[in-house]
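Colleague:
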Amino acid sequence: MAQGADPAGSPSAYAAAGVDIAAGERAVDLMKRHVARTARPEQVTDASGFAGLFRLDVSKYRAPVLATSTDGVGTKVMLAQELDVHGTIGRDLVAMVVDDLVVAGAEPLYMTDYIAVGKVVPERVAEIVGGIAEGCARAGCALIGGETAEHPGAMGPGEYDLAGAATGVVEADGVLGPDRVRPGDAVIAMASSGPHSNGYSLIRRVVEGAGLDLRAQVPAFGRTLGEELLEPTRIYAKDCLELAERVQVHAFSHITGGGLAANLERSLPAGADAEVDRSTWAPQPVFGLISEQGGVERADMESAFNMGVGMVALVEGGDADEALRVLAERGVPAWRAGTVVEGSGRVRMLGSYREHA
Numbered sequence: 434m435a436q437g438a439d440p441a442g443s444p445s446a447y448a449a450a451g452v453d454i455a456a457g458e459r460a461v462d463l464m465k466r467h468v469a470r471t472a473r474p475e476q477v478t479d480a481s482g483f484a485g486l487f488r489l490d491v492s493k494y495r496a497p498v499l500a501t502s503t504d505g506v507g508t509k510v511m512l513a514q515e516l517d518v519h520g521t522i523g524r525d526l527v528a529m530v531v532d533d534l535v536v537a538g539a540e541p542l543y544m545t546d547y548i549a550v551g552k553v554v555p556e557r558v559a560e561i562v563g564g565i566a567e568g569c570a571r572a573g574c575a576l577i578g579g580e581t582a583e584h585p586g587a588m589g590p591g592e593y594d595l596a597g598a599a600t601g602v603v604e605a606d607g608v609l610g611p612d613r614v615r616p617g618d619a620v621i622a623m624a625s626s627g628p629h630s631n632g633y634s635l636i637r638r639v640v641e642g643a644g645l646d647l648r649a650q651v652p653a654f655g656r657t658l659g660e661e662l663l664e665p666t667r668i669y670a671k672d673c674l675e676l677a678e679r680v681q682v683h684a685f686s687h688i689t690g691g692g693l694a695a696n697l698e699r700s701l702p703a704g705a706d707a708e709v710d711r712s713t714w715a716p717q718p719v720f721g722l723i724s725e726q727g728g729v730e731r732a733d734m735e736s737a738f739n740m741g742v743g744m745v746a747l748v749e750g751g752d753a754d755e756a757l758r759v760l761a762e763r764g765v766p767a768w769r770a771g772t773v774v775e776g777s778g779r780v781r782m783l784g785s786y787r788e789h790a
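Numbering-wise, our numbering puts 569 at position 136 of the sequence shown, and it's gapless, one number per residue.
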């Protein structure tokens with residue numbers, strides 16, 4: 434936690450300004466057991482605690498390229514605060530960061546976090562970090578450092594925001610991307626766990642405008658609306674890396690803000706299009722609720738949400754069946770959603786979605 438210098442020269446004056454150093458130190462103590470779960474052998478202890486150190490064993494690589502990514506979770510944190518549920522939002526953070534790294538074929542190595550709070554409540558901060566640690570464990574990366582900053586006056590006592598950054602590594606000749614994609618490749622869609630961490634400004638507007646109760650049970654969900662909306666973002670990192678080891682993956686696309694078409698276009702070369710057949714899947718009921726209660730048209734839904742697809746792999750056409758077998762083994766619902774054809778670097782969404790059973 435950043436402590437800084439008290440202009441009044443007195444710890445009591447700093448406390449009077451709203452910064453509780455003792456609470457920050459207790460939060461750090463509570464975090465430690467969570468962070469320990471993410472340890473990797475490459476970590477190096479920094480006795481000062483000012484930096485996280487990680488020894489990169491370059492002998493393991495022929496021509497290592499480092500990759501880095503940073504992100505946050507947007508206004509989904511506002512729902513977590515309203516519902517007083519803080520243990521899963523950290524998993525969202527990890528997913529948003531590490532799954533950008535694997536798009537390049539990079540293995541996430543380590544991550545750092547930044548948590549800004551209006552008031553340090555040690556147990557709540559530790560709960561948030563526990564979610565980040567759980568996400569890192571699922572992604573196989575170490576949580577090697579972070580910062581908790583108290584911002585009284587700038588944020589309310591119950592408000593917080595978080596961001597993170599991660600570093601990964603990939604062999605230079607293993608970097609995935611548009612230059613590898615060609616007509617005939619299969620579009621393999623991997624199911625999302627829900628809206629993930631995108632479109633929550635629209636979700637909150639719909640919830641408020643329609644007068645929906647976040648704590649009300651929704652039969653289609655089998656749980657409350659709030660629980661459905663706080664479902665953590667699926668983390669695909671290990672699954673994508675395993676898939677790339679076993680089949681010819683040419684590119685990945687992490688489906689985040691902007692939706693499937695806009696993100697998938699980023700993984701296409703100028704001479705190819707991806708034809709995606711909506712009829713190959715049924716978006717989860719939560720998307721139908723948002724559309725119906727908010728009067729949101731399909732085009733707007735598709736530009737704001739992943740519509741049930743959180744990650745796409747573009748694989749050699751002949752490897753499509755094996756790719757689906759690999760993902761099934763790993764418990765990732767996946768299907769062939771389309772094909773890459775000659776074109777101009779665009780995604781063509783065809784047909785209509787299936788109705789959810």
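Ideal Cβ positions, reconstructed from N, Cα and C, are used throughout, including at glycine.
DSSP puts leucine 576 in a beta bridge; with which residues?
Modeller: DSSP lists Met544 as partners of leucine 576.
Colleague: Cα separation between serine 777 and glutamate 698?
Modeller: One C-alpha to the other measures close to 10 Å.
Colleague: Using a Cβ-Cβ cutoff of less than 6 Å, which residues in the same chain neighbour glycine 690 once the five nearest sequence positions on both sides are dropped?
Modeller: If we look at glycine 690 and ignore the five residues flanking it on each side, its Cβ neighbours are Asn631.
Colleague: Of all the options Gly659, Ala715, Ile621 and Tyr494, which has the alpha carbon lying nearest to the alpha carbon of alanine 605?
Modeller: Considering only alpha carbons, the answer is Tyr494.
Colleague: Could you give the DSSP three-state label for alanine 528: helix, strand or coil?
Modeller: Reduced to three states, the DSSP call for alanine 528 is helix.
Colleague: I need the straight-line Cα distance from valine 759 to proline 590, nearest angstrom please.
Modeller: Straight-line Cα distance between these residues: approximately 46 Å.
Colleague: Taking the alpha-carbon positions, what's the isoleucine 636 to alanine 753 distance?
Modeller: Approximately 35 Å, taken between the alpha carbons.
Colleague: Given serine 724, which residues of its chain have a CB within under 6 Å of its CB, disregarding the five upstream and five downstream residues?
Modeller: Taken in chain order, the residues that qualify are Met734.
Colleague: Hey, would you say glutamate 708 sits closer than 8 Å to threonine 657, going by beta carbons?
Modeller: Not a contact, by the Cβ cut-off of 8 Å.
Colleague: Return helix, strand or coil for arginine 571, following the three-state DSSP convention.
Modeller: Looking at arginine 571 - three-state DSSP - the assignment turns out to be helix.
Colleague: Please classify serine 625: is it buried, with 16 or more other beta-carbons within 10 angstroms of its beta-carbon, or exposed?
Modeller: When all chains shown are included, serine 625 counts as buried.
Colleague: Helix, strand or coil: how does DSSP classify isoleucine 621 here?
Modeller: Looking at isoleucine 621 - three-state DSSP - the assignment turns out to be strand.
Colleague: How many whole angstroms separate the CB atoms of alanine 582 and isoleucine 668, which I take to be in contact at a CB cut-off of 8 Å?
Modeller: At roughly 26 Å, the Cβ-Cβ gap does not stay under 8 Å, so alanine 582 and isoleucine 668 are not in contact.
Colleague: Residues bridged to threonine 657 by DSSP?
Modeller: According to DSSP, threonine 657 bridges with Gln650.
Colleague: Can you tell me where the beta strand (DSSP E) holding methionine 825 begins and where it ends?
Modeller: Since the first and last residues shown for the chain are 434 and 790, residue 825 lies out of range.
Colleague: Counting only the same chain and skipping the five closest in sequence on each side, list residues whose C-beta sits under 8 Å from that of alanine 643.
Modeller: Same-chain partners within the cutoff: Gln726 and Gly727.
Colleague: Only counting the same chain, and skipping five residues up and downstream in sequence, which positions put a Cβ closer than 6 Å to that of glycine 597?
Modeller: If we look at glycine 597 and ignore the five residues flanking it on each side, its Cβ neighbours are Leu526, Val530, Met544 and Asp546.
Colleague: Does the region 483 to 491 come close enough to the region 553 to 569 to have 3 or more Cβ pairs within less than 8 Å?
Modeller: No, because fewer than three Cβ pairs between the region 483 to 491 and the region 553 to 569 fall closer than 8 Å, the two stretches do not touch.
Colleague: Using the beta-carbon count (16 or more within 10 Å), is phenylalanine 483 buried or exposed?
Modeller: Per the 10 Å Cβ criterion, exposed.
Colleague: From Leu747, Ala472 and Arg779, pick the residue whose C-alpha is nearest to that of alanine 619; which is it?
Modeller: Among Leu747, Ala472 and Arg779, the Cα nearest to that of alanine 619 belongs to Leu747.
Colleague: Roughly how many angstroms lie between the CA atoms of glutamate 556 and valine 518, to the nearest whole one?
Modeller: The straight-line gap from Cα to Cα measures roughly 12 Å.
Colleague: Between arginine 679 and the rest of its own chain, which residues show a CB-CB distance below 6 Å, the 5 nearest in sequence each way excluded?
Modeller: These residues qualify, in order along the chain: Val759.
Colleague: Mind checking whether alanine 575 and threonine 471 have CB atoms under 8 Å apart?
Modeller: Yes; because the gap between Cβ atoms is below 8 Å, this pair is in contact.
Colleague: Shortest alpha-carbon distance to methionine 623 belongs to which of Asp672, Gly607 and Pro665?
Modeller: If we check each option's Cα against that of methionine 623, Asp672 comes out closest.
Colleague: Going by CA-CA distance only, name the one from Phe738, Ala653, Leu663 and Asp533 that's closest to leucine 674.
Modeller: Comparing Cα-Cα distances from leucine 674 to each of Phe738, Ala653, Leu663 and Asp533, the minimum goes to Asp533.
Colleague: Going by DSSP in three states, glutamate 708 sits in which element: helix, strand or coil?
Modeller: Glutamate 708 falls in the strand class under three-state DSSP.
Colleague: What span of residues does the alpha helix (DSSP H) with glycine 721 cover, start to end?
Modeller: From DSSP, the alpha helix (DSSP H) with glycine 721 extends over 718 to 727.
Colleague: For the beta strand (DSSP E) that contains serine 502, what are its first and last residues?
Modeller: Per DSSP, serine 502 belongs to the beta strand (DSSP E) from 497 to 505.
Colleague: For isoleucine 522, which of Gly750, Asp594 and Val550 has the nearest alpha-carbon?
Modeller: Considering only alpha carbons, the answer is Asp594.
Colleague: What residues in its chain sit with their C-beta under 6 Å from that of serine 686, if we drop five residues either side in the sequence?
Modeller: Counting only Cβ-Cβ distances below 6 Å, and skipping sequence neighbours, we find Asn696, Leu697, Ser700 and Val745.
Colleague: Return the chain-ordered list of same chain residues with a C-beta closer than 6 Å to the C-beta of threonine 666, the five sequence neighbours on each side being excluded.
Modeller: Excluding residues within five positions, the ones whose Cβ falls inside 6 Å are Asp525, Ala528, His629 and Ser630.
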